[in-house]
Amino acid sequence: MMSTHFWTSEHFWLSIGFLGQTFFSMRFLVQWIASERQKESVIPISFWFFSIGGGVLLFAYALYIRDPVFILGQGFGVFVYARNLYFELRDRRRAIA
Numbered sequence: 195m196m197s198t199h200f201w202t203s204e205h206f207w208l209s210i211g212f213l214g215q216t217f218f219s220m221r222f223l224v225q226w227i228a229s230e231r232q233k234e235s236v237i238p239i240s241f242w243f244f245s246i247g248g249g250v251l252l253f254a255y256a257l258y259i260r261d262p263v264f265i266l267g268q269g270f271g272v273f274v275y276a277r278n279l280y281f282e283l284r285d286r287r288r289a290i291a
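In this note's numbering, the protein residues as written are 195 to 291.
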């Protein structure tokens, strides 16, 4: 009797990829909503958190599928998003002080 497993490592990694893409897409939604509310282009801090979360998950998925183009793009992107979040948080701390 052969046992079948519904949840395989392939399903796990596909879920990671889809979750990462969902996070990455959410950044555009929060930016759009924030801009509509302000009636000008703005980038809320949640944009950077969604960018980092989605980028890290997509980077992990890219490593799993061994796609060098995807790895380079997501790896560099995560660095840029983290740097921008650093600047945003630093500026907010300065504004409070």
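Idealized CB from N, CA, C, for every residue including glycine.
Would you kindly check if the distance between the Cβ of VAL272 and the Cβ of VAL236 is under 8 Å? Not in contact: VAL236 and VAL272 (Cβ atoms no closer than 8 Å).
Please classify TRP226: does DSSP put it in a helix, a strand, or coil? When secondary structure is reduced to three states using DSSP, TRP226 falls in the helix class.
Simplified DSSP state of THR216, which is helix, strand or coil: Note: THR216 maps to helix in three-state DSSP.
Answer with buried or exposed for TYR280, where buried requires no fewer than 16 other C-beta atoms within 10 angstroms of its C-beta. Per the 10 Å Cβ criterion, exposed.
Quick one: grab the DSSP three-state call for HIS205. Correct three-state label for HIS205: helix.
Tell me where the alpha helix (DSSP H) around PHE244 begins and ends. For PHE244, the uninterrupted alpha helix (DSSP H) run begins and ends at 239-259, by DSSP.
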